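*Asks:*
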Amino acid sequence: MINLKKVAAFCCLMLAISLQMFAAVASQNQPTLTLKEALNKASRQFHVSFIYEDELVSNKRVNTPADDSYKKVEDYLSAVLKPYNLKFRKLGGSQYAIYGTSDKAKEKDKTNHVAPEEAVSEQTASQQPAVQMTQVQTNRSVDTTGTDTRILVGVVTDESMAPVSSATIMVPGTRYMTVTGKNGDFSLKVPVNAQKIQVSCIAYESQVLPVNNAIYYKIALKDKTGYLKPVEVVSTGYVNLPKERATGSFGVVTAKELEKIPTANVINRLEGMVPGLQMQLTAGDNSFVYDNVTPAPASNTRTIGMNNYNYNIRGTTTLKSETSPLVVVDGFPTEFDLKTLNPNDIEQITFLRDAAAASIWGARAANGVIVIQTKKGRLRQPAVNFGVGYSTQARPDIGYLKLMNSAQVLALDKEMVDKGIVTSASYNPYTSGLKYNIDKGVDLAFQLNSGRITQAQYDAQVAELSKRNNYSQLSDYLMQPATAQNYNLSVSGGTDVHTYYLSGAYSKENTSTVGNSGERINLVANQEFKILKKITLGVSLKGAFFNYANNGIGLNILANGANTFMPYDDIHDNFYYTIGEHYADSLENLGYRNWSTNYLDELKMNRNYTRDNNYTGTITLDIPIYKGIGFNASYMQERDFFTIRNTLDKNSAYVRDLYNKGTVMSGTTLVHNFPDGSILRATNNNMNNYSARGQFTYNRSIKEDHQISALAGMEVRQTLNSANSYTIYGYNPATGIGVTTAYGTYYATMDYSGGYLGGYPTQTDYMKRYLSYYGNAAYTYKNKYTLSGSVRYDDYNNFGLEKKYRAKPFWSSGLSWNVSKESFMQDVSWVSSLRVRGTFGINGNINQDLRPFTNISLGSSDGQTGLPTATVISPANPALKWENTYVTNLGIDYGLLNGRLSGTIDLYNKKGTDIIYLLEVNPTLLGSGNTINRNGVTMSNRGIDLGINGAIVDGKNFGWNMGVNFSYNTNKITSSLLKPTTSFYSSFSGQIVGYASDAVFAYRNAGLDSLGWTKIYDQNGNKIRSNVAVTDMGAVKYAGRRTAPVYGSLQNTFRYKNWSMFVLATYSFGSVFRAPVATQYPTSRKLFYNTSGDIANRWQNAGDEAKTIVPGIAGAYAATSVLRYAYSDVNIQPGDYIRLREISLSYQLPSEMAGKVFARNIKISGAVRNLGLIWKKNKLGLDPDYVPALASTVLHLPATPQYNLMLNVGF
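Here the sequence shown is numbered in the working numbering, starting from 72 and rising by one per residue.
(1) Counting Cβ pairs, one atom from each stretch, are 3 or more of them under 8 Å apart for the stretch 1164-1178 and the stretch 1118-1135?
(2) As a quick exercise: from A478, L148, A555, G255, pick the residue whose alpha carbon is nearest that of E535.
(3) Output yes if chain B places a C-beta closer than 7 Å to the C-beta of I1203; else output no.
(4) Along the chain, where does the beta strand (DSSP E) that runs through T1191 open and close?
(5) Return the CA-CA distance between V943 and K579, expressed in angstroms with no decimal places.
(6) What is the rounded straight-line gap between the Cα of M707 and the Cα of N759?
(7) Quick one: residues in its chain with C-beta nearer than 7 Å to the C-beta of L18, no 5 flanking neighbours on either side, listed in chain order?
(8) Any idea if G402 is buried or exposed, counting beta-carbon neighbours within 10 angstroms, 16 or more meaning buried?
(9) Would N960 pass as a contact of T910 if the rule is Cβ separation under 7 Å?
(10) Suppose you measure from the CA of Y817 to the CA of G829; what does that come to, to the nearest Å?
(11) Taking one C-beta from the stretch 1002-1013 and one from the stretch 1041-1048 each time, how about it: are there three or more such pairs within less than 8 Å?
(12) Output the boundary residues of the alpha helix (DSSP H) element that contains E276.
(13) Find the nearest neighbour of G1237 within the set L1253, E1213, V890, judged by alpha-carbon distance.
(14) Could you give the distance in angstroms between the alpha-carbon of V1193 and the alpha-carbon of I509?
(15) Roughly how many angstroms separate the alpha carbons of A1136 and N587, rounded to a whole number?
(16) Hey, quick one: how far does the alpha helix (DSSP H) through F117 stretch, first residue to last?
(17) Nearest-angstrom Cα distance between N627 and R466?
(18) Could you tell me which of G1226, Q464, K1250, A1189 sits nearest to K490, measuring between CA atoms?
(19) By Cβ distance below 6 Å, which residues in the same chain neighbour A596 in space, the five residues on each side in sequence not counted?
(20) Check whether the Cβ atoms of M1277 and G575 lie closer than 7 Å to each other.
(21) Do the stretch 1078-1095 and the stretch 1109-1122 meet, that is, are 3 or more Cβ pairs less than 8 Å apart?
(22) How would you write the range of the alpha helix (DSSP H) that M676 sits in, first residue to last?
(23) Taking 8 Å as the cut-off, does the stretch 858-870 touch the stretch 806-814 (at least 3 CB pairs, one atom from each stretch)?
(24) If you reduce the DSSP assignment to three classes, tell me which class P301 lands in.
(25) Assuming G846 contacts A783 under a Cβ cut-off of 8 Å, what Cβ separation, rounded to an integer in Å, is found between them?
(26) Give me, in chain order, the residues of the same chain whose beta-carbon lies closer than 7 Å to that of L481; leave out the 5 immediate sequence neighbours on both sides.
(27) With DSSP as the reference, identify every bridge partner of V964, one or two as the case may be.
(28) Under the rule that 16 or more other beta-carbon atoms within 10 Å means buried, what is L474, buried or exposed?
(29) Do A291 and T228 have their C-beta atoms closer together than 7 Å?
(30) Measure how close the beta-carbons of K1243 and L1211 come, nearest whole angstrom, since I'm counting them as under 8 Å.
(31) Looking at the structure shown, is M821 part of a helix, part of a strand, or coil, going by DSSP?
(32) Decide if the stretch 781-800 is in contact with the stretch 716-725; the criterion is three or more beta carbon pairs, one per stretch, under 8 Å apart.
(33) With three or more C-beta pairs closer than 8 Å as the rule, is the stretch 673-693 touching the stretch 598-618?
(34) Does the Cβ-Cβ distance between N1012 and G1119 come in under 7 Å?
(35) So the candidates are N955, N284, G343, S563; which of them puts its Cα closest to the Cα of M1033?
(36) Decide if the stretch 658-670 is in contact with the stretch 635-650; the criterion is three or more beta carbon pairs, one per stretch, under 8 Å apart.
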């Protein structure tokens, strides 16, 4: 038998011998090249670059290696350098240094270390793999004298190990110098006796380093703290542009600037950073767990991250549609909240403020666009960064709410009884069975008036209660110091074929509300792969995972209502809110369950949890085609799995109340109609979004004078929301099982009103689809004049039944002139840069809740008929179409005094048309009502943005940098199909032509009449009482705007050696707010408690109208009277303020100290945030951003100072 394996082995051996013989013969006949030509050939073949002295390679020739003779660059170099006894060394990436054997002794020395680094050993073919990278032009020493010299080579990086280009390396006092290439590489000829080299670069601290016998130097430059680097590149989300060639208005926040704010939410870190960005942080520094109050334990809903912050770019030109900017992350719009991002993963945030910048995004760009770029890997050795932070802050101050004390509340209780406001038998336990709750003060008044206690007994009990002030109990038991801890770890690096950025982060927050907390985990993996040398494949995976516990009671028990916590109440006591205590006692004696509420027990029984898991995957493919033409294909998918599980314990007050009310007496037996057990309420919301895009790009410079960049593409996008909810009664948490429920079935109750089991399972699916075609182009001539244009054609499935309503083109055009490049500016030395630009275009906006067809929601069966029910969510509107915003922008970018002073000035005007608002229609078209959200309003929006940055002091050891942002914005309704009217109670309804969309109107207060009712002036200037209706808009006056038209920030950074201090102040001028006064009084039909402090100054007796403007509580028109008082001009307050937001201090350990623990850098930082108002215009002592409204269950209190400590280490 023939052994095939042996035959195959023999054939392979003979083939190898033949190839070796062929190579030997071929080498004898090869033509020769100069050594320099051979190295250039290697650069092209292996995509590498070389650093060497010309003297080393001149007058040397080598045999020409065949193109396929060597698979590795190291083998090639060994062959061509060996005949001349030359050596090579790999410097990093794709760069090699070539040197002579006379330098061999130098190889054994350590490198000069700025960051600790072992000397690079000599490279051999067996030690280093081949690399592939475009050849880098290496700068040469400018000195060519014959002095005895040697060569220093190396690389200059920043603290994150990113290459620093254009850095100058020189020998002080000589003409020996060079400049680093784009990869930070350098080669410098120095005298053999040189002792020092100096390294300097704009925006970095200069360094003077000792020179020893090392060949290779790895130098890490420190950022010049506070120095604002000129932003060279801006991103639109589709393409990156050199700023000098961009005609649009951009604002940029870099990773370095984000690091100054020590919070775990991106939103908080953006405050005051960019002109035109207006923010309100009503949740303080809670980064992803919001609110310092939550709804009551029995509430059906718990909002997380809703209405806790709002922000806009250059105001608004919409009323009912999206008001927030479009957020784009790594090139794709996202439906996720910004809290899902870890700030430490962000490389840069670009704000697109005008049409030329944002129109590429078309229909969703009217409110501006926020483009977020996350960090990517870089061509360098692996860099590891670790950070840890901890913060704490005191409980909020309840005293800020300005509530009545116990004596004042008791006096109000007595007056309500004495004046007959509380007279119904259903409220008086001593005249009939009490079915409703009353507080202690009303109870004592009833006892006194009915003769159950004497005046002396009443006075004694009132005196005892008046001594109490138990609001502090709420702070002690329901509030707590807020804490937060954050941990971040990232690893990044790469070679010419693969770069990577990997990170993980964990954050935990305990809010100021006991029982409310949250955890967040962020994972990011951004990678890029080089395929076939030129094709780039990008893969990005991101995950954000949240767990919330929402078990707090908070301060909502102070809000107005039938269950308001009184200052004399004791939180340890039992309270009867849904039924009177005396009536409850009689029922409990019959066998009913305990009917009381104990807040501390309720706090222990709350089991309300939310889980929110977000996933994002992105794939991009960049293919260069030919001479600047490229193709990009990309795909993104987002998945969100959101789950709420609220378990209402069977022993909670809410469930006991339902159980008791569903219990009826049948003879002498109690019949329980409500299921026994806990109640589980669950909501699941899944989101599945995808975007796919294909685009061609063209970037080309022609004869240096002409630069063209263009792109054209197509994009499809779909968002699908799928939500369901259900309620399980008789639920046993231990087994996870409930009872079979007949939802909607009527059952008898003890008060004969009847009830039914709600929570019928629901399912909602909502799909939105977008189809877009877009193009963008810019032409630059001589780096001076740029003309740009863009167009986008959007189609959206939920706008209009006809294509003319659905599909809409959006476009923009722009011009810029780089004045500083002109010849006549070359002698103006104090002007470093000057550029003028102008743009015009059309952006769009949508309302994603409106549809052209009738939208209904199916509900449970009717309790009486048993038939299914449905609710019309929105009636058909077949003519629904896009809102349009026409934007004009004129801007100037300047730099003075060699860049030490720089800034931008932008003037803009925005005109909104076809704006959606609630407008009247023919009522026969709706079946009920006469209004529908439809297009029919126009408005204007104009303003100015200024940004100034200056290096006030720029010394070697001390520096002071200042940044000032200033914005002015105002808007006006220019036309509307709505006819504005005043209401009988409050001030007005609707948008008023000629005024801002957030205009505040108020009645003109005329004091009180003899009955204690509010008087106002009518349209003719006559005083009218509260029983006279108002229907003319002339009866109200314009008081101002809710949103400040003037706002901005002042940033100061001080540097002293390795210390740095950052101070941030923000300001807001020109807004107004309504003072938090009483808006509702108790009535005989509804016992309603209100503890607003101003009620203590109310009218009580005839003649009080001469000393107070707070109306009395009695009379047929008391409800109208208090509303007119609340909405009158006497309660309008100015909202101007200056706030000290943050002071931070950091210390960067010297490199040599960090090196002792094998670290690249170590920074220790401390910060104090929320230091309060430096100045405020209102005289009430209120923070305009935190105006407490007792009529609401969300009592935002000012954030207390937050103390932060951080440690960051890089390896």
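We treat Cβ as the ideally placed atom computed from N, Cα and C, and that holds for glycine.
Note that this is a predicted model, so its numbers are computed, not measured.
*Replies:* According to the structure data:
(1) Between the stretch 1164-1178 and the stretch 1118-1135, the count of C-beta pairs closer than 8 Å stays below three; the two stretches do not touch.
(2) Position 464 of the sequence shown, counted from the first residue, corresponds to residue 535. The shortest CA-to-CA distance from E535 to any of A478, L148, A555, G255 is the one to A478.
(3) Included in the structure is just one protein chain, with no chain B present.
(4) Taking the sequence shown and counting its residues from 1, the one referred to as residue 1191 is at position 1120. Bounds of any beta strand (DSSP E) do not take in T1191; it lies within the alpha helix (DSSP H) bounded by 1189-1197.
(5) Along the sequence shown, one-based indexing puts residue 943 at 872. Along the sequence shown, one-based indexing puts residue 579 at 508. Going by the C-alpha atoms only, they are around 42 Å apart.
(6) Translated into the one-based positions of the sequence shown, residue 707 becomes position 636. Translated into the one-based positions of the sequence shown, residue 759 becomes position 688. About 11 Å.
(7) There is simply no residue 18 to check, as the chain begins at 72 and stops at 1282 in what is shown.
(8) Mapped onto the sequence shown, residue 402 falls at position 331. Of the other Cβ atoms in all chains shown, 16 or more fall within 10 Å of the Cβ of G402; this residue is therefore buried.
(9) Translated into the one-based positions of the sequence shown, residue 960 becomes position 889. Translated into the one-based positions of the sequence shown, residue 910 becomes position 839. Their beta carbons are under 7 Å apart, which means N960 touches T910 by this criterion.
(10) In the sequence shown, residue 817 corresponds to position 746, counting from 1. In the sequence shown, residue 829 corresponds to position 758, counting from 1. C-alpha separation (whole angstroms): 10 Å.
(11) A contact between stretches requires three or more CB pairs, one per stretch, nearer than 8 Å, and the stretch 1002-1013 meets this requirement with the stretch 1041-1048.
(12) For the purposes of this step, residue 276 is taken as residue 205 along the sequence shown, with counting starting at 1. DSSP places E276 in no alpha helix (DSSP H); its state is neither H nor E.
(13) In the sequence shown, counting from the first residue as 1, residue 1237 sits at position 1166. Taking only the C-alpha atoms, the option nearest G1237 is E1213.
(14) Counted from its first residue, the sequence shown places residue 1193 at position 1122. Counted from its first residue, the sequence shown places residue 509 at position 438. The straight-line gap from Cα to Cα measures roughly 22 Å.
(15) If you number the sequence shown from 1, residue 1136 lands on position 1065. If you number the sequence shown from 1, residue 587 lands on position 516. If you take the alpha carbons of A1136 and N587, they lie about 30 Å apart.
(16) On the sequence shown, residue 117 is found 46 positions in, with the first residue counted as 1. Start and end: 106-117.
(17) As a position in the sequence shown, residue 627 is number 556, starting the count at 1. As a position in the sequence shown, residue 466 is number 395, starting the count at 1. Their backbone Cα atoms lie some 16 Å apart in a straight line.
(18) Sequence index remark: in the sequence shown, residue 490 carries index 419 (1-based). Comparing Cα-Cα distances from K490 to each of G1226, Q464, K1250, A1189, the minimum goes to A1189.
(19) Taking the sequence shown and counting its residues from 1, the one referred to as residue 596 is at position 525. In chain order, L573, L612 place their CB closer than 6 Å to the CB of A596, counting only its own chain and leaving out the 5 sequence neighbours on each side.
(20) For this step, residue 1277 is matched to residue 1206 along the sequence shown. For this step, residue 575 is matched to residue 504 along the sequence shown. Cβ distance not < 7 Å, so M1277 and G575 don't count as in contact.
(21) When C-beta atoms of the stretch 1078-1095 are compared with those of the stretch 1109-1122, fewer than three pairs fall below 8 Å, so the two segments do not count as touching.
(22) Within the sequence shown, numbered from 1, the residue matching residue 676 stands at position 605. According to the DSSP assignment, M676 belongs to the alpha helix (DSSP H) that extends over 670-676.
(23) No, they do not touch.
(24) As a first step, residue 301 must be located in the sequence shown, where it is residue number 230. Only weak support is given to the placement of P301: the predicted model assigns it a pLDDT of 45, under 50, and the value that follows is read from those uncertain coordinates. DSSP places P301 in the coil class of the three-state scheme, outside both helix and strand.
(25) Here the question's residue 846 lines up with position 775 in the sequence shown. Here the question's residue 783 lines up with position 712 in the sequence shown. Yes, they are in contact, since the Cβ atoms of G846 and A783 sit about 4 Å apart, within 8 Å.
(26) What you label residue 481 is simply residue 410 of the sequence shown in a count that begins at 1. Only G512, V533, L536, S537 meet the Cβ criterion.
(27) The residue labelled residue 964 in the question sits at position 893 within the sequence shown. A small fix is needed here, since residue 964 is Asp in this sequence, not Val. Per DSSP, R906, T975.
(28) Along the sequence shown, one-based indexing puts residue 474 at 403. With 16 or more other CB atoms across the displayed protein chains lying within 10 angstroms of its CB, L474 is buried.
(29) Along the sequence shown, read from residue 1 onward, the residue named residue 291 stands at position 220. Along the sequence shown, read from residue 1 onward, the residue named residue 228 stands at position 157. Cβ distance < 7 Å, so A291 and T228 count as in contact.
(30) Against the sequence shown, residue 1243 aligns to sequence position 1172. Against the sequence shown, residue 1211 aligns to sequence position 1140. Residue 1243 is actually Gly in this sequence, not Lys. So it is a contact: roughly 6 Å between Cβ atoms.
(31) Indexing the sequence shown from 1 puts residue 821 at position 750. M821 falls in the coil class under three-state DSSP.
(32) Two segments are said to touch when three or more pairs of C-beta atoms, one from each, lie closer than 8 Å; by this definition the stretch 781-800 does not touch the stretch 716-725.
(33) The way I'd put it, the stretch 598-618 does touch the stretch 673-693; three or more beta-carbon pairs between them come closer than 8 Å.
(34) By one-based count along the sequence shown, residue 1012 stands at place 941. By one-based count along the sequence shown, residue 1119 stands at place 1048. It is not a contact, given that the beta carbons lie outside the stated cut-off.
(35) Taking the first residue of the sequence shown as 1, we reach residue 1033 at position 962. Selected option, being the one with the closest Cα: G343.
(36) Verdict: yes, contact present.
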